[in-house]
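If you're matching positions, the sequence shown starts at 1 in the UniProt record's numbering and goes up one per residue. Backbone N, C-alpha and C define an ideal beta-carbon position, used for all residues, glycine too. In this text the structure is predicted, and so the values were computed from the model without any measurement.
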Amino acid sequence: MLARAESAEMSKDLKIAREVYKHEIVAYKASYDRLHQLLSLTDPIETTLTHKLRVRNRELVSQNKRLQKTASSLRSRIRLDEMDPETLVLMIEGESSFLILIHCHPLTCRFVQVLRLRSSIGSSLSLIP
């Protein structure tokens with residue numbers, strides 16, 4: 001009889017433990033579902049499409065930077081090509097080389113006038129207390 005009583009008590013304890021275990025699993029599953037739903041709202045799921053779009057976006061940004069650098073270099077090159085060679089010499093060697101030049105391009109003469117005006121304004125500004 002004692003063995004049957006212990007067996008009945010053990011099966012009763014086992015049933016209670018199973019119920020508690022099932023209850024804990026249900027609570028854990030509900031908590032997991034809530035957290036998963038919250039995470040999906042804050043951080044979109046990484047799919048192959050979003051990954052491909054992110055990679056493509058990075059490629060386009062780097063290509064844009066390369067093209068901007070190239071365009072800047074080309075603009076500088078065009079400005080140098082359009083500039084009069086005499087003006088380039090004046091810019092590199094200074095105004096004193098202009099005295100050596102016999103024939104002056106109109107743009108070069110204008111550039112020298114602007115340089116003289118800037119230098120005279122700069123020297124007069126440095127004298128102002």
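How many angstroms separate the CA atom of residue i from the CA atom of residue j?
i	j	result
D13	H36	34 Å
V61	T48	20 Å
L54	V26	It is worth fixing the name first, because residue 54 is Arg in this sequence and not Leu. Going from the Cα of R54 to the Cα of V26 covers about 38 Å.
L115	S73	26 Å
L67	S31	51 Å
I121	R110	16 Å
residue 138	T50	This structure does not reach residue 138, given that the chain is present from 1 up to 129, and the question cannot be answered.
N57	V112	49 Å
S97	P85	In this prediction, S97 has a pLDDT of 48, which is less than 50 and means its spatial position is unreliable; what the coordinates show is noted afterwards. Those two C-alpha atoms are separated by around 13 Å.
E82	A71	16 Å
L41	S11	45 Å
residue 144	K29	In the structure as shown, the chain starts at 1 and stops at 129, and residue 144 therefore has no counterpart that could be examined.
Quick one: what does DSSP say residue i is sitting in, helix, strand or coil?
i	result
M10	helix
T47	coil
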